[in-house]
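Chemist:
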Amino acid sequence: MSILIAEHLKKYYGEGETLVKALDDVSIEVERGEFMSIIGTSGSGKSTLLHMLGGLDNPTEGRVVIDDKDISTLKGDALCIFRRRKIGFIFQSFNLVPSISVYENIVLPIQLDGKKVDKEYIDNVIETLGISKKLKVLPSKLSGGQQQRVAIARALASKPAIILADEPTGNLDTKTSQDVLGLLKTSGKKFNQTIVMITHNDEIAQMADRTIHIEDGHIV
Amino acid sequence: MNKVNNKNAVNNLAYSGIRSGIKKYVMLVFAVILTSLLFSTMFSVGGSMVNEIQESTMRQVGGTYHAGFKYLIKDEYDQIKDDPKIKDVSYRILVGTGDNKEFSKLYSECYYAEDDNAKKSFSFPVKGKMPAQENEVVVSDRILQALGEPADIGMNIRLDLDINGEVISNDFTVSGYYEADPVCPAQMIYVSKAFQEKYAPEATVPYSQAKSSDLTGRYSVDFNFSNSINIDKKVEALIARTGLREDVNYGINWAYGASSLDPSVVIICGALVVIFMFAGYLIIYNIFDINIVSDIQEFGLLKTIGTTEKQLKKIVMKRANLISLIGIPVGTGLGILVAAYLLPIISGQFNTLTVGKGSLHLNIWILLAAMAFSYLTVLFSAGKPCRKAAKVSPVETVKYTEAFDKKGKPKKKLAVVILSLSLGLVVLNSVFGFVSGFSMDSYIENLIIADFSIQDAELDNPGARYVNTEAVDKDLLDELKSLDGVNSVGAVYLNERGQEFDEENWAKIEKNVLQSKLMEEKFTKHGYTEDMRKDDLEYYGKNRTLDGKTYGMGELALNKLKVLESKDGSDKIDWNAFNSGEYVLITRFETDDDEVNFLDPGDKITIRSYDPQYGETEKSVSESGEEFEYISFENAPVKEYEIYAVVEIPLALGIRHFGLFDCNYILPEDKFLAQNGADWNAMRVLLDVEDQKEEYVNEWLKDYTENADPSMDYDSKESIMEEYASFGRMFKVVGAVLAAVLGLIGIMNFANTIITSIIVRSRELAMLEAVGMTGKQQSIKLIKEGLIYYVWSVLVSLGASSVLSVTLIKALTDNIPMFDWNFTLVPELVCLPPLAVLVICIPLIALKKISKKSIVDRLRVE
Amino acid sequence: MLGNRTIDRLEKMLDEAMDGRFVESNYDETKLSRLESKWKEFLGTSAISAQNLEAERHRLEQFISDISHQTKTPMTNIKMYTELLREEIDKLNGNASGDIQKSLNRLKKYADEINRQDQRLEFLVDSLTKLSRLESGTLEVKAQRSPVGELLEAAIAAVKQKAKMRNISFVIPDPSESMTEAVFDMKWTTEALVNVLDNAVKYSPEGGKIEVYISETDMYVQIHVTDEGNGITEEDATRIFGRFFRTEEVQQEEGVGIGLYLTREILSKEDGYIKVVPNNKRKGGEFIIYLRK
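Protein chains in written order, with the numbering used here: chain C, 1 to 220; chain P, 1001 to 1862; chain D, 2001 to 2293.
#1: Measuring only between beta-carbons, confirm whether residue 197/C sits less than 8 Å from chain D.
#2: Pair every Cβ in the segment 1537 to 1557 of chain P with every Cβ in the segment 1668 to 1676 of chain P, then say whether three or more of these pairs are closer than 8 Å.
#3: Mind listing the chain C neighbours of residue 2275/D? Cutoff is C-beta to C-beta under 8 Å, in chain order.
#4: Whole alpha helix (DSSP H) runs in the segment 1521 to 1572 of chain P with 4 or more residues, listed along the chain?
#5: Taking just the CA atoms, how far does residue 1702/P sit from residue 1714/P?
#6: Starting from residue 2042/D, follow the beta strand (DSSP E) in both directions and report where the run begins and ends.
#7: Which residue spans inside the segment 1745 to 1809 of chain P form an unbroken alpha helix (DSSP H) run of at least 4?
#8: If you measure from the beta carbon of residue 2220/D to each beta carbon in chain C, is any gap under 8 Å?
#9: Hey, out of 1627/P, 1631/P and 1610/P, whose CA is closest to residue 1616/P's CA?
#10: Scan the segment 1764 to 1795 of chain P for residues whose Cβ lies nearer than 7 Å to a Cβ of chain C and list them as they occur along the chain.
#11: Does the beta carbon of residue 1856/P come closer than 8 Å to any beta carbon on chain C?
#12: List the residues of chain D that residue 128/C touches, going by C-beta distances under 7 Å, in chain order.
#13: Ignore the nearest five residues each way along the sequence and tell me which others in residue 1577/P's own chain have a CB closer than 8 Å to its CB.
#14: Quick one: residues in its chain with C-beta nearer than 6 Å to the C-beta of residue 1115/P, no 5 flanking neighbours on either side, listed in chain order?
#15: Which of the three DSSP states, helix, strand or coil, is assigned to residue 60/C?
#16: For residue 89/C, return the contacting residues in chain P, with the cut-off set at a CB-CB distance below 7 Å.
#17: Output the distance between the C-alpha atoms of residue 1018/P and residue 218/C, rounded to the nearest integer angstrom.
#18: Can you tell me which of the three DSSP states residue 1118/P falls into?
#19: Under a Cβ-count criterion, where at least 16 other Cβ atoms within 10 Å of its own Cβ denotes burial, should residue 1437/P be classed as buried or exposed?
#20: Start and end of the alpha helix (DSSP H) containing residue 1668/P?
#21: For residue 2082/D, decide whether its Cβ has a neighbour in chain C, counting only Cβ atoms nearer than 8 Å.
#22: For a quick check, are the C-beta atoms of residue 1163/P and residue 1098/P less than 8 Å apart?
#23: Residue 1780/P: buried (16+ other C-beta within 10 angstroms of its C-beta) or exposed?
#24: Going along chain P, which residues have a C-beta under 9 Å from residue 154/C?
#25: Measure the C-alpha to C-alpha separation of residue 1833/P and residue 1435/P and round it to an integer number of angstroms.
#26: Which whole runs of the alpha helix (DSSP H) in the segment 1232 to 1311 of chain P are 4 residues long or more, in chain order?
#27: Residue 2117/D lies in the alpha helix (DSSP H); which residues open and close that run?
#28: Consult DSSP for residue 52/C and reduce its assignment to one of helix, strand or coil.
#29: Determine, using beta carbons only, whether residue 1338/P and residue 1041/P come nearer to each other than 8 Å.
#30: Would you say residue 1849/P faces chain C, with C-beta separation under 8 Å as the test?
#31: Taking 8 Å as the threshold (C-beta atoms), are residue 2061/D and residue 2132/D in contact?
#32: For the segment 154 to 180 of chain C, which residues have a CB atom closer than 8 Å to at least one CB atom of chain D, in sequence order?
#33: Sort 2056/D, 2116/D, 2069/D and 2054/D by Cα distance to residue 2083/D and report the nearest one.
#34: Indicate the three-state DSSP secondary structure (helix, strand or coil) for residue 1025/P in the structure shown.
#35: Do you know offhand how far residue 1240/P's Cα is from residue 1246/P's?
#36: Would you identify the three-state DSSP class for residue 203/C, choosing helix, strand or coil?
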């Protein structure tokens, strides 16, 4: 069963002479529990695709269905709440909230939803990601790799339908990248998460179960 | 050594940075404008007021010169006139005094004067010219008026001049006239050099060797120094330097005295400077700091490519300078406008006597000082952010934006914004708390004693030097009495000679007053040293005298006295009994805290007659060895009175010159005249008028004091009430302006901090939105953050306001009679809800603004 | 609109159901009560279907067990008879003439092939059995802190014989280096590593060298296994761990294409993973096993 279906996604910027086709008719499907990577050079449209998939940006044409819901029908706060419940984001630049502790960062999406934290599950996630000793500190006190592990924990915390990772190791050195990717991969498997990761690095892409290439807005 | 010319590069960087962040810098310029507005307003108002006071004093003195020598001869004049340290030297030569019957009430002096001397003595002709021909003369319009001539030139007048005791009558042609200043008692009559040489040839014997009355033909030389500081010392130095005789008579223009600056004014001004600098510092520092933080990447980059710390500092300072260059002149200009608006309101409350009351006096130095303070504030404020910018490590720059939000940083920002917000609130609350204590009614009762009060224009001006305590002559008194609608007339007479006591009374006074704690208090307040106290007490004891005034009062005035203790225990004085001629009233010995009777009702005192008929001319020798004449009343009759009551004289009845003791007696009007001679004129006259005729009497008095005798003035119930209402209004307006500007600064600071923090964190917010924080949740989060500032500001300002209210405001109101202290936080509480609205709205607006950009765009911004 | 109380009750019902302790609160004429009963019924049928699922899995396990067990005897027999066949051929070999000699040699080759196919079958059945037990959870992977050195020793010992036959040598880490500890199940992980080593031996050229070394990151101990074979193309790198996958060039080589899949499954049970370095990145083949520290 496909957890994510993107059909004929198009994203055009500008018009006439200056028309830029960031995405041109891209269709993908991701199975539940799959770890898929999208590989492409910078400017290939991979970030645009990820933004479409995550409901951060609206496609010019086409639709995105996540967990049987066509997200193009959602607007404003509804889309925001959908993201909070169904999508976990992992960004290149970690994007942790600097003013609150690691633990608060992790449970933020849950608390935003006013839900009770599933303590056992969160503890398991935290344990798996090896950050149980850092829960009380502020994100700025952590190394890049540790911050990204926190970001993974945050993405897992709300048990989303899909996790979208945007160059998750883009700001990290090789060794730390390995750790983060390994943890992303293993924790994804362990908690039965579907992961879509974009990267420009084929070695990193190989961590995934499946890799698709994107170039000039097309899938090759 | 040749330096690499990198000026252009630095300039370029400095200004391009401003261009790229123009909004931030507009904010900064605005902050600088507000700060310099505060300074320039204060300095302009202060400067204008000092100027006004100074000018008013100068006009009483009769000149703007720093100092002058008197009674010089030509040789002595030559001796000093070229001294390099003095300038604007000019002289006049005394010819005599005006002796015309027509202007017997005017004191006039006749001189030959250089043009400059006349100009700087406010007596240069407004029309015509200084006299050139022997028969030409320049007089004041008041003299012309007294002579029944129109204020014009060309007509002939006859002047009787008393030259060296000899009265010479001459016809003159008026070559020019000047407008007399009601403040200045002396009227000038300027004659030509030829006239002076003919009738009052220059003296040749130095004054020290001449008779003291030998004044004619002597030089009065006036001059300025480069500045007005320490004139006294400078004159002494000048005498020593030029070898002028040591006993030369010199006068110093006390308009320039530092003593004219009240210490409390100095303290208030100092406090204002500190508050303004602090307020300015808070906002400019904050904005600068925010700018530096948001520009930190730029600085890091510059450093990476080899910009030195010095150059970075230069860039920041260049920006600070540019901001000052725009902000300070604009702010100063606006400040001048505000000052122009405030001045009439403020100066109306001061008893200065300049004609151009409340006019703006712009002195380039004062404006430069205001600008300097503003610039200093900018420099202070930019200093730390500047160092921060210079210290940026290129590697840390990326991290820095994050460090900015670490716990420690916002705390500091929080403090700055809270202080800034609180400052406005506290000032507002204090000013309005103070103003709300303004209770005119209780005070004004003391002032309004009759429908009208007529007296010398200067009488109720505590700053005046020349006060005519016999201003209301018999003619005027009769005229007033016969005025239509006047029900009753109450005259107040004054004799300022002290009181003398017999041994029995003296013993009582010694016990009641001289040896009391209150006496100590009084001495301390008047700044007496231990030695002075002893000497003084010894002197009083030897002579058994105390300073004090003897008033004569009619029934109308008498009824306004406050009876404290009386012979018959009543709180009213039975006029008929009192008027019997046996009785006198006495005041108490008062200090700020307490009061005590000198003598009690029933005690008997004696009052000496000062009727001129008992005066005997006697000769005495002064300390300087000079013989002078005086009139002695040693053998005048003394009459005994019984004290009828102990009373308090309302301010509006008496005179506002106070002595150490002020042991005052009050006699019935007739008895006073009987005691001191029937020619004695009243100090002031009170009128009780039919209500319907008030308007008419008012018009009559207005006309009289404006045209017939400008040296007189009158108060009406309305004018007093208006005056005091406007006094309260002054505080309100000044306070409102102050609180408004400070409040604006506070709100700007808050808005700027919040908006910048939201813009800086736009990525963080986008990220929160990405993980599912809805717009509503973001708004709530930001409002909560704003409310932290708000709650803190409320707590801090309420606390500070309360403390100030029970300390400073209480002390202030206790010292000013027309204010009652009451604890209030209402003004601040009233401001809190609108402020809360702002605190909620500002983040929402900022959020809305950044939300216009898509999340993706915001996430992308690094 | 539903009242808050109802929403709360519904949420509580769900929570209880998730914990498996849902009971109906009371029975009355309200819709909520009816809903509770329905909910209970639904949970009941779900439980039955879950039980059915469990029984099904159990049956499957039994079935696999049976296959494993029942195929063992025939396979042993095949092995035995092949051996006998070879012995007979050897006996004949000495005195046979021209054509017969040729024929006998061919027979011997066939016997060898039968033997090899039998071994493959045995390996396949063995692996499938393990896999199914692993996946069905019958056999648990018990990860615990253990020395990595011991793991290497055991795994290399298991493939030494085979390597020797092809004249392949091992370069192994200094014993001091292998003091490193990681969290894994010794038995299963040995199995996983053996598969990787086996693979390396298989694809190494005759007389090649296999190097095993250890490196570490903050989170993982990495066991690198490199050989001098052709390596894996980038294209195959993500597919190689799939079930029954074998690259085209090595189609002829011995193997059933399940070893690496099993390895991956084992490792993922203990929070580790395996990765291959494709041959465009380096010469020869390299596998890296990541074990959680």
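Backbone N, C-alpha and C fix where the C-beta goes; we use that ideal spot for every residue, glycine too. On a predicted model such as this, the values are computed, not experimentally measured, just so you know.
Modeler: In short:
#1: No, its Cβ sits nowhere closer than 8 Å to a Cβ of chain D.
#2: Per the Cβ contact rule, the segment 1537 to 1557 of chain P is in contact with the segment 1668 to 1676 of chain P (3 or more Cβ pairs under 8 Å).
#3: 206 and 207
#4: The alpha helix (DSSP H) runs lying completely inside the segment 1521 to 1572 of chain P and spanning 4 residues or more are 1530 to 1543 and 1555 to 1558, given in chain order.
#5: Taking the straight line joining both Cα atoms gives about 8 Å.
#6: Run containing residue 2042/D: none in the beta strand (DSSP E); it sits in the alpha helix (DSSP H), 2031 to 2093.
#7: 1762 to 1770 and 1775 to 1804
#8: For residue 2220/D, the nearest CB of chain C lies under 8 Å from its own CB, placing it at the interface with that chain.
#9: 1631/P
#10: 1764, 1767, 1768, 1769, 1770, 1771, 1772, 1773, 1774, 1775, 1776 and 1777
#11: yes
#12: 2271
#13: 1583 and 1644
#14: 1130
#15: coil
#16: Ordered by position in chain P, the residues that pass the 7 Å Cβ test against residue 89/C are 1770 and 1771.
#17: 43 Å
#18: helix
#19: buried
#20: That residue, residue 1668/P, is in no alpha helix (DSSP H); its beta strand (DSSP E) goes 1665 to 1668.
#21: no
#22: no
#23: exposed
#24: 1771
#25: Rounded to the nearest angstrom, the two C-alpha atoms are 22 Å apart.
#26: Within the segment 1232 to 1311 of chain P, the complete alpha helix (DSSP H) segments at least 4 residues long are 1263 to 1294 and 1296 to 1304, listed from N- to C-terminus.
#27: 2098 to 2136
#28: Note: residue 52/C maps to helix in three-state DSSP.
#29: yes
#30: no
#31: yes
#32: 175, 176, 178 and 179
#33: 2116/D
#34: The answer is helix: DSSP assigns residue 1025/P an H, G or I state.
#35: 8 Å
#36: helix
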